[in-house]
Amino acid sequence: SLREHLLAAVPDLKRNPDRLLMFIDAGKVRCTAAASLSFEYGYTLQIMLTDFAGHPDSVFLPILAWVRVNQSELMANLDKSAEGLKFEADILDNSKVDMSITLALTERVVVKRQDDGTYQASHVPDKPYEPFVDH
2 SLREHLLAAV
12 PDLKRNPDRL
22 LMFIDAGKVR
32 CTAAASLSFE
42 YGYTLQIMLT
52 DFAGHPDSVF
62 LPILAWVRVN
72 QSELMANLDK
82 SAEGLKFEAD
92 ILDNSKVDMS
102 ITLALTERVV
112 VKRQDDGTYQ
122 ASHVPDKPYE
132 PFVDH
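Counting the sequence shown from 1 gives a position; the working numbering is that position plus 1.
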């Protein structure tokens, strides 16, 4: 969903979608000894922008908007926000860069055993961040 979001939101990428590459690095699965086999994927998403001529704000603002909805703990948790979004850039000339952006992401999977003994896995969307409101 982040790829679709960036292609729709960043004009330079909309015109040149082949300049947006995504890879998953350092993937892991975390499952506890709970009664179900529900688990969590954890991974680093690497976003590569090649020959990017736009302003970095035009990429980071859509990423932050996506994070707010889909990985809100990266904003709400101070420890995660300090390390959850990183970037590097190689300056190619006065108008273009190759940029690498990394996001520390998680995805919950709820697993339920069916009556016939098979398992059903559901990828659960994150709850969007809702700031505390004192009534």
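Virtual Cβ for every residue (Gly too), placed ideally from N, Cα, C.
Using a 10 Å radius around the Cβ and a threshold of 16 neighbouring Cβ atoms, would you call residue i buried or exposed?
{"i": "Gln72", "result": "buried"}
{"i": "Val140", "result": "No statement about residue 140 is possible, as the shown extent of the chain runs from 2 to 136 and does not include it."}
{"i": "Val111", "result": "exposed"}
{"i": "Ile92", "result": "exposed"}
Quick one, are the C-beta atoms of residue i and residue j less than 8 angstroms apart?
{"i": "Cys32", "j": "Phe24", "result": "no"}
{"i": "Gly55", "j": "Asp13", "result": "yes"}
{"i": "Leu50", "j": "Leu21", "result": "yes"}
{"i": "Gly52", "j": "Lys97", "result": "The question names Gly, but residue 52 in the sequence shown is Asp. Going by C-beta atoms, Asp52 is nearer than 8 angstroms to Lys97."}
So, with DSSP's three-state summary, where would you put residue i?
{"i": "Val30", "result": "strand"}
{"i": "Asp91", "result": "strand"}
{"i": "Asp128", "result": "Per the sequence shown, the amino acid found at residue 128 is Lys instead of Asp. Of the three classes helix, strand and coil, the one that applies to Lys128 here is coil, per DSSP."}
{"i": "Asp99", "result": "strand"}
**Prompt:** Considering only residues of the stretch 30-85, which uninterrupted beta strand (DSSP E) runs meet the minimum length of 3 residues and lie entirely inside it, listed in chain order?
**Reply:** 40-53
**Item:** Three-pair Cβ contact test at 8 angstroms for the stretch 95-105 versus the stretch 43-54
**Value:** yes
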